[in-house]
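In what follows, a structure is listed as structure tokens, so that the remarks can point back to it.
4 protein chains.
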Amino acid sequence: MLTSNSIGNRLVLTSFGESHGKCIGAVLDGCPAGLELEEKDIQKMLDLRRPGQSLVSTQRKEDDRVEIMSGTFRGFTTGAPITMVIWNKDQNSKSYEKLRTEMRPGHSDYPAYIKYKKFNDFRGGGRFSGRLTATHVMGGAIAKKLLKITLNIETHSYTYQIGKVKMKKKEVTKSFKTTYSNDVRCPEKNTAAKMKANILAARKKGDSLGGVVESVTTNVPTGLGEPIFGSLESEISKAIFSIPAVKGIEFGSGFAGSERFGSQNNDAYTYKNGKVITSSNNF
Amino acid sequence: MLTSNSIGNRLVLTSFGESHGKCIGAVLDGCPAGLELEEKDIQKMLDLRRPGQSLVSTQRKEDDRVEIMSGTFRGFTTGAPITMVIWNKDQNSKSYEKLRTEMRPGHSDYPAYIKYKKFNDFRGGGRFSGRLTATHVMGGAIAKKLLKITLNIETHSYTYQIGKVKMKKKEVTKSFKTTYSNDVRCPEKNTAAKMKANILAARKKGDSLGGVVESVTTNVPTGLGEPIFGSLESEISKAIFSIPAVKGIEFGSGFAGSERFGSQNNDAYTYKNGKVITSSNNF
Amino acid sequence: MLTSNSIGNRLVLTSFGESHGKCIGAVLDGCPAGLELEEKDIQKMLDLRRPGQSLVSTQRKEDDRVEIMSGTFRGFTTGAPITMVIWNKDQNSKSYEKLRTEMRPGHSDYPAYIKYKKFNDFRGGGRFSGRLTATHVMGGAIAKKLLKITLNIETHSYTYQIGKVKMKKKEVTKSFKTTYSNDVRCPEKNTAAKMKANILAARKKGDSLGGVVESVTTNVPTGLGEPIFGSLESEISKAIFSIPAVKGIEFGSGFAGSERFGSQNNDAYTYKNGKVITSSNNF
Amino acid sequence: MLTSNSIGNRLVLTSFGESHGKCIGAVLDGCPAGLELEEKDIQKMLDLRRPGQSLVSTQRKEDDRVEIMSGTFRGFTTGAPITMVIWNKDQNSKSYEKLRTEMRPGHSDYPAYIKYKKFNDFRGGGRFSGRLTATHVMGGAIAKKLLKITLNIETHSYTYQIGKVKMKKKEVTKSFKTTYSNDVRCPEKNTAAKMKANILAARKKGDSLGGVVESVTTNVPTGLGEPIFGSLESEISKAIFSIPAVKGIEFGSGFAGSERFGSQNNDAYTYKNGKVITSSNNF
Numbered sequence: 006m007l008t009s010n011s012i013g014n015r016l017v018l019t020s021f022g023e024s025h026g027k028c029i030g031a032v033l034d035g036c037p038a039g040l041e042l043e044e045k046d047i048q049k050m051l052d053l054r055r056p057g058q059s060l061v062s063t064q065r066k067e068d069d070r071v072e073i074m075s076g077t078f079r080g081f082t083t084g085a086p087i088t089m090v091i092w093n094k095d096q097n098s099k100s101y102e103k104l105r106t107e108m109r110p111g112h113s114d115y116p117a118y119i120k121y122k123k124f125n126d127f128r129g130g131g132r133f134s135g136r137l138t139a140t141h142v143m144g145g146a147i148a149k150k151l152l153k154i155t156l157n158i159e160t161h162s163y164t165y166q167i168g169k170v171k172m173k174k175k176e177v178t179k180s181f182k183t184t185y186s187n188d189v190r191c192p193e194k195n196t197a198a199k200m201k202a203n204i205l206a207a208r209k210k211g212d213s214l215g216g217v218v219e220s221v222t223t224n225v226p227t228g229l230g231e232p233i234f235g236s237l238e239s240e241i242s243k244a245i246f247s248i249p250a251v252k253g254i255e256f257g258s259g260f261a262g263s264e265r266f267g268s269q270n271n272d273a274y275t276y277k278n279g280k281v282i283t284s285s286n287n288f
Numbered sequence: 006m007l008t009s010n011s012i013g014n015r016l017v018l019t020s021f022g023e024s025h026g027k028c029i030g031a032v033l034d035g036c037p038a039g040l041e042l043e044e045k046d047i048q049k050m051l052d053l054r055r056p057g058q059s060l061v062s063t064q065r066k067e068d069d070r071v072e073i074m075s076g077t078f079r080g081f082t083t084g085a086p087i088t089m090v091i092w093n094k095d096q097n098s099k100s101y102e103k104l105r106t107e108m109r110p111g112h113s114d115y116p117a118y119i120k121y122k123k124f125n126d127f128r129g130g131g132r133f134s135g136r137l138t139a140t141h142v143m144g145g146a147i148a149k150k151l152l153k154i155t156l157n158i159e160t161h162s163y164t165y166q167i168g169k170v171k172m173k174k175k176e177v178t179k180s181f182k183t184t185y186s187n188d189v190r191c192p193e194k195n196t197a198a199k200m201k202a203n204i205l206a207a208r209k210k211g212d213s214l215g216g217v218v219e220s221v222t223t224n225v226p227t228g229l230g231e232p233i234f235g236s237l238e239s240e241i242s243k244a245i246f247s248i249p250a251v252k253g254i255e256f257g258s259g260f261a262g263s264e265r266f267g268s269q270n271n272d273a274y275t276y277k278n279g280k281v282i283t284s285s286n287n288f
Numbered sequence: 006m007l008t009s010n011s012i013g014n015r016l017v018l019t020s021f022g023e024s025h026g027k028c029i030g031a032v033l034d035g036c037p038a039g040l041e042l043e044e045k046d047i048q049k050m051l052d053l054r055r056p057g058q059s060l061v062s063t064q065r066k067e068d069d070r071v072e073i074m075s076g077t078f079r080g081f082t083t084g085a086p087i088t089m090v091i092w093n094k095d096q097n098s099k100s101y102e103k104l105r106t107e108m109r110p111g112h113s114d115y116p117a118y119i120k121y122k123k124f125n126d127f128r129g130g131g132r133f134s135g136r137l138t139a140t141h142v143m144g145g146a147i148a149k150k151l152l153k154i155t156l157n158i159e160t161h162s163y164t165y166q167i168g169k170v171k172m173k174k175k176e177v178t179k180s181f182k183t184t185y186s187n188d189v190r191c192p193e194k195n196t197a198a199k200m201k202a203n204i205l206a207a208r209k210k211g212d213s214l215g216g217v218v219e220s221v222t223t224n225v226p227t228g229l230g231e232p233i234f235g236s237l238e239s240e241i242s243k244a245i246f247s248i249p250a251v252k253g254i255e256f257g258s259g260f261a262g263s264e265r266f267g268s269q270n271n272d273a274y275t276y277k278n279g280k281v282i283t284s285s286n287n288f
Numbered sequence: 006m007l008t009s010n011s012i013g014n015r016l017v018l019t020s021f022g023e024s025h026g027k028c029i030g031a032v033l034d035g036c037p038a039g040l041e042l043e044e045k046d047i048q049k050m051l052d053l054r055r056p057g058q059s060l061v062s063t064q065r066k067e068d069d070r071v072e073i074m075s076g077t078f079r080g081f082t083t084g085a086p087i088t089m090v091i092w093n094k095d096q097n098s099k100s101y102e103k104l105r106t107e108m109r110p111g112h113s114d115y116p117a118y119i120k121y122k123k124f125n126d127f128r129g130g131g132r133f134s135g136r137l138t139a140t141h142v143m144g145g146a147i148a149k150k151l152l153k154i155t156l157n158i159e160t161h162s163y164t165y166q167i168g169k170v171k172m173k174k175k176e177v178t179k180s181f182k183t184t185y186s187n188d189v190r191c192p193e194k195n196t197a198a199k200m201k202a203n204i205l206a207a208r209k210k211g212d213s214l215g216g217v218v219e220s221v222t223t224n225v226p227t228g229l230g231e232p233i234f235g236s237l238e239s240e241i242s243k244a245i246f247s248i249p250a251v252k253g254i255e256f257g258s259g260f261a262g263s264e265r266f267g268s269q270n271n272d273a274y275t276y277k278n279g280k281v282i283t284s285s286n287n288f
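Chains as they are written, first to last, in this note's numbering: chain A, 6 to 288; chain B, 6 to 288; chain C, 6 to 288; chain D, 6 to 288.
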């Protein structure tokens, strides 16, 4: 399929809507019948995404309430496409009129103008606004439930780095619980405090800071993913780069592995006679 | 893509909704920016489909008003997915409760129950209701505009047969204008009258009648369609069989050609030295 | 996917090759590991297709030998794409040179010239030759094995009509065995004899005859196929129209149903309280 | 499409074959008619990939000769699928028999065994061998020609890092010509010498070294790629992670941008009144 507002194979998410149009929304097709699903399941995840919750994120207020429009019946999925929508409350786009001619660096304003000419909905970035990642969250909330129920797979993500401040130890699995205990969502209390201070300092100067998010997924069964072009790495990276500001991704040791010897990269584990012999240098 | 609520390659229609859910709707992705599009363009086609307009069709009242939720800006398409929705007014589904156990012949009630178990939205056929063809019309209304503007292609459809009453002469191109002059939408006045009489007679006995719809498409450029599995016939038939009651399709002379000699089927036209020499036995 | 030389969702067949090129072939992707598969399994089906076996079909000789190039290991499929090829023996295409300018009616010669200009491989119809249906057979031979093993589904096809001669009784399931007992592959002995006589009479005059093939599939589980655009009828018709000469398809009672009353089409079966009550007017 | 041995939308590459089977190959579908294409065009690129050319790469000898099996006619593409194959010369897989039970770390031996059980073609990694990247090169060689002819786009790749040795200056566009002047394919002569020395030192100890490849693409038109899930970054990363050893990818400033302030990332360019005002802090 050539159209690019959809992603997935067996579970397909189609995103629609504009930042300052009537709504943003998504259709998730391929979800099996019988999954318990209510708006609160999706709302819970949207609330975590919602900007304006603390001083460290965008101050724009988005009181996003999801509405399920199709695909559920009496609290369960039916097997039909699940349509979810957030109605945009504030469609007052006057303040964005200047975006027609003054285009913001680091945004899609200019390429969208070149691509769609005067027909582009430029209000607040329109179709290209970061606000649209809420449609990814809608689909992700359901995928998360499916992965947990069917394969017991869980993914935990947290802020690993803000500017030059990085997490120190990597005992992440122990600290998943503390991720949401602070504004910056870093599981390490002291590191989180430093990150926050740096963000606030940058904000005072009208600036912002880059960062790195790390994800840990547990219970991934051996052999998940497909050869040649459908590896987990291929599918995940394709999805992740649909988040506007992302500029890099790495798996496992990532770029650090480039500096190592093959023996260092490989002695993590060895297989012999069908058995996995884990070395002490585990990862 | 495995999911089957979408159709198309460059222009992809995703259908959603249930007969007695909140709404039925569609997302059309791939429409270029700059097409003039308002709700009335789609409403016009939906009005032609709407049941309850005369004695010869379903008496169910559906006052379907389309709402464009995304993809247009100041009266033109933006290049973003176009979401269209009809809100279901009458969600009183009490009268359908008996469909849980008493399944209608010729409907999807039974296979849907087998496939989705107790999770199926059985109300009025739910996802499988003929009402869902309104989502095809939504996409079709836009496709029709695009085909006309880009390639000057037009398609005209009319009732060719009801029960055993068939159209007599095939001067159809002359009579496109008269198609909508009668309830049964047959371009031949006298044939239309007979068809109507037969339908009303059947209805009196609590019965209905089968029929055949014929379509004529003009200005199709030579070479449209793709080899091997993407011929116009393959793509059109795939789409047409998504209309619930359709049980057969034929192109050109169709099944009649099976009874003829090759010389009869072929002498319609001959090519020589790159020129088309049309025979008198034209079709 | 826009490209049209592939078909299928979970099991995808990609066809390649030209009638007078080096070869014709196919890649079948999505076949699970562990299916017993040797060249003879595919050859058996290709032999049934091969022209030149009797007086009633094309006299062109095609001694097609399939070679499996990838996807099997020690007699079983591995889960990798299965590539199958037939090497074209006679690439002497001199006799086809006139097709560059003299285009045959009822063939793709003219549209292919318009579409691909002077780059079209016109030799014997090139990519559009009926010979390419051998690549469908390659994929079909494996699909047939999979359907039998996994769901016990079997499909039987036979010649139902040649010109104006049709089969009389429809006790087809009893007569599958006799389908291949005669040249025209009609299960009814006497009908087959008439068909053959008519074909030979037409041939004497340098002519040919149209026909109808009927297929019966057994053990199709209730609920097979997907809503809305992925019904069995949609998927099958899309595939069938990739066979060049096919101009029509019907399912069940097909066009005959158009002439009947709804009560006649529906009383074949009735469901009540979850049970199927078959009427005497069975189908 | 669920099957994962294909990649692309308008131009679709399907990879097939096994490291020690009869062959490896690819079908490229969607290439327009009229592109000048001979085996030497593809061979030229395969020769650059071929291992065993110097002391710094795998010593395995692969004298890969490509054969075009379909899709070209008299030196030009026809619009039909282009099938390319390399026949494996040395199918003696005795030496790989031990891979059935002794699985190599850092290879797919173990997950492939879990996924495909005893049916996996384990010989030399079978379907998962790095040798299969030759099928990517086949498709890439044609894509490269198409990109150059249609959009004047060119991509240049070179070794940026081996172990801890990195390139110093980034005047890469000046030095594309020198990329292939040395074994390690690093445009900087002195850096290349250090890289080579380190590789040879590692090899002496039976070890190997990681590295980073950098690519520069010129003449990319503004607006290339599609929203939301079809950005250039999404499509390229999906493709790149199909190369077995790749563990990370970054675009533009990549991970380095994470350490910077927004003002640093953004002041590279500013748009005002539809004009691009490039700052001195260019990228």
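Note that beta-carbon positions come from the ideal geometry of N, C-alpha and C, so glycine has one too.
Under the 8 Å criterion on CB atoms, Glu23 of chain A is classed as interfacial with respect to chain B.
Taking C-alpha positions only, Cys36 of chain A is separated from Gly84 of chain A by approximately 6 Å.
Relative to Ser162 of chain B, the option among B:Val170, B:Thr183, B:Thr155 whose CA is nearest is B:Thr183. Looking only at D:Asp46, D:Gly13, D:Phe266, D:Ala250, the smallest Cα-Cα distance to Gly135 of chain D is reached by D:Ala250.
Secondary structure of Thr83 of chain D (DSSP, three-state): coil. Spanning the alpha carbons of Gly131 of chain A and Arg54 of chain A requires a straight line of approximately 19 Å. Put simply, of A:Ile158, A:Ser236, A:Thr19 the residue whose alpha carbon is nearest the alpha carbon of Pro226 of chain A is A:Ile158. Taken through DSSP and simplified to helix, strand or coil, Ile204 of chain C comes out as helix. Here Val189 of chain D is buried. Its C-beta has 16 or more other C-beta atoms within 10 Å. Here Val251 of chain D carries a coil assignment [DSSP, helix/strand/coil]. Secondary structure within the stretch 150-236 of chain A: the beta strand (DSSP E) runs of 3 or more consecutive residues, fully enclosed, are 159-167, 216-223 (chain order).
When the beta-carbon positions are compared, Lys201 of chain D and Val61 of chain D come within less than 8 Å of each other. Considering only beta carbons, no part of the stretch 34-68 of chain A lies closer than 9 Å to chain D. In the three-state DSSP reduction, Ala31 of chain C falls in the strand class (E or B). Within the same chain, Leu237 come within 7 Å of Leu229 of chain A by CB-CB distance, once the 5 residues on both sides are set aside.
In this structure, the alpha-carbon of Glu231 of chain C lies about 14 Å from that of Tyr115 of chain B. Apart from the 5 residues on each side of it in sequence, Met108 of chain B sits with its Cβ closer than 6 Å to the Cβ of Asp114, Tyr115 in its chain, given in chain order. The criterion of a C-beta distance shorter than 8 Å is satisfied by Leu214 of chain B and Ile167 of chain B.
Identification of chain B residues near Pro116 of chain C by a Cβ-Cβ cut-off of 8 Å yields Thr227, Gly228, ordered along the chain.
Contact check for Val217 of chain C against Ser263 of chain B passes: the beta carbons are separated by less than 8 Å. Residues of the stretch 124-144 of chain A with a Cβ closer than 9 Å to any Cβ of chain B, in chain order: Phe124, Asn125, Asp126, Phe127, Arg128, Gly131, Arg132. Lys27 of chain D has a beta carbon lying within less than 8 Å of a beta carbon in chain C. Secondary structure at Leu53 of chain D: helix, using DSSP grouped into helix, strand and coil.
Phe78 of chain D has a beta carbon lying within less than 8 Å of a beta carbon in chain C. Taking C-beta separations shorter than 6 Å and ignoring five residues to either side along the sequence, the partners of Gln48 of chain C in its chain run Val71, following chain order. With a contact defined as Cβ atoms closer than 8 Å, Ala31 of chain B and Met172 of chain B miss out at about 32 Å.
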